[in-house]
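The sequence shown lines up with residues 5 to 284 when you count with my numbering.
The structure under discussion appears below in the form of structure tokens.
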Amino acid sequence: MKPPSALVLAGKRGPQDALADAHGASHRALLEVRGTPMLLRVVRALRATGRFGAIHVSIDGPERLSAVSELATLVESGELQVHESADSPSRSVLEVLRQDPEEPFLVTTADHALLTPEMLDFVADAIDGSAADLLVGFVARSVVHSRYPESPRTYFRLRGEAWTGANLFAFRTARSRQAADFWVRAERYRKRPWRLVTAIGPALLGRYLLGRLDLDAALVHASKRIGAGVQALPLPFPDAAIDVDREDDLQLAERILAQRGEEMPSLGDSSDRKAPVDSS
Numbered sequence: 005m006k007p008p009s010a011l012v013l014a015g016k017r018g019p020q021d022a023l024a025d026a027h028g029a030s031h032r033a034l035l036e037v038r039g040t041p042m043l044l045r046v047v048r049a050l051r052a053t054g055r056f057g058a059i060h061v062s063i064d065g066p067e068r069l070s071a072v073s074e075l076a077t078l079v080e081s082g083e084l085q086v087h088e089s090a091d092s093p094s095r096s097v098l099e100v101l102r103q104d105p106e107e108p109f110l111v112t113t114a115d116h117a118l119l120t121p122e123m124l125d126f127v128a129d130a131i132d133g134s135a136a137d138l139l140v141g142f143v144a145r146s147v148v149h150s151r152y153p154e155s156p157r158t159y160f161r162l163r164g165e166a167w168t169g170a171n172l173f174a175f176r177t178a179r180s181r182q183a184a185d186f187w188v189r190a191e192r193y194r195k196r197p198w199r200l201v202t203a204i205g206p207a208l209l210g211r212y213l214l215g216r217l218d219l220d221a222a223l224v225h226a227s228k229r230i231g232a233g234v235q236a237l238p239l240p241f242p243d244a245a246i247d248v249d250r251e252d253d254l255q256l257a258e259r260i261l262a263q264r265g266e267e268m269p270s271l272g273d274s275s276d277r278k279a280p281v282d283s284s
């Protein structure tokens, strides 16, 4: 199987983003965490693995990338492909996947500020070893709480364990595009797990409410409803569950990066950006 391409979703999710606005960033994707824009962190992690082919970014206002010199250089050299995002993350994914219907793609988000090459190597190994059309990354609540018991996440409470998404989706085959199409229809239930279960199939709702539905069974049913084989990819990394949605998440991400030993850039270091990112 050829190396998958990667797509990073960096567009706005609405007319206003309280977190980006609070920090003077035009997009949450360009919000700095310990001095480095989140989108740049994700792109660097993808490039560091050497396991992915073309890297694509979907963002409204692609010209905004020119404010980050490293990203601008990658765009100019053709190493970073930029797409105008649609009106929702799922539609943005579907539009890019339809341009290359046979190409395997890893999809992630720009606010995945703690993404590491180690996590991506784990996912790339799973892509190579799986026969599923689509792999979906999850982190167990027990894994998250083992290190970050104070971090609130949205969990699917299933039999035996509760799970949270990791914003990592591996579209391995042409048939996986059917899952992207289903995502467009189901996206509005992202923060309401019981409604998402209902969208997958009303027969599942009773099992979900009674606590009799486990992750594998849910995805078997989802596969039948979608028309593509969907497989869970449990991740052993607590940090993979943490995206930067709120101020608390930002503070936690900065603490984690400090614990990793990452140094803040000096005030005179302008390597990451050409000009301040405005909020217009």
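Don't be surprised by glycine CBs; every beta carbon is placed ideally from N, CA and C.
| query | result |
| --- | --- |
| Length of the line joining the Cα atoms of residue 225 and residue 102 | 25 Å |
| Check whether residue 96 and residue 13 have beta carbons under 8 Å apart | yes |
| Outcome for residue 156 when other beta-carbon atoms lying within 10 angstroms are tallied against a minimum of 16 | exposed |
| Identified DSSP bridge partners for residue 116 | Looking at the DSSP assignment, residue 116 forms no beta bridge with any residue, so it has no partner. |
| Through-space distance from residue 165 to residue 65, alpha-carbon basis | 40 Å |
| Reduced DSSP category for residue 2 - H, G, I as helix; E, B as strand; rest coil | The chain is shown only over 5 to 284; residue 2 falls outside these bounds and no answer can be derived. |
| Sufficient close CB pairs (3 or more, under 8 Å) joining the segment 235-242 to the segment 8-28 | no |
| Beta carbon of residue 136 nearer than 8 Å to that of residue 33 | no |
| Endpoints, alpha helix (DSSP H) assigned at residue 263 | 251-263 |
| Inter-residue spacing [alpha-carbon to alpha-carbon] between residue 190 and residue 19 | 21 Å |
| Through-space distance from residue 109 to residue 246, alpha-carbon basis | 22 Å |
| Span separating the alpha-carbon of residue 46 from that of residue 258 | 15 Å |
| Sheet register partners of residue 86 (DSSP bridge) | 61 |
| Meets three-Cβ-pair contact criterion under 8 Å: the segment 111-129 and the segment 171-178 | yes |
| Test item: CB-CB of residue 63 and residue 31 under 8 Å | yes |
| C-alpha distance - residue 55 paired with residue 153, whole-angstrom precision | 32 Å |
| Those runs of the alpha helix (DSSP H) which lie wholly inside the segment 212-251 and span at least 4 residues | 219-230 |
| Contact set for residue 143: own chain, Cβ-Cβ below 6 Å, skip 5 residues either direction | 168, 170, 239, 244, 245 |
| Closest Cα partner of residue 52 within the set 122, 87, 37, 35 | 122 |
| Own chain residues within Cβ distance below 8 Å of residue 183, not counting five before or after | 137, 138, 175, 230, 232, 234 |
| Backbone CA spacing between residue 266 and residue 151 [nearest angstrom] | 19 Å |
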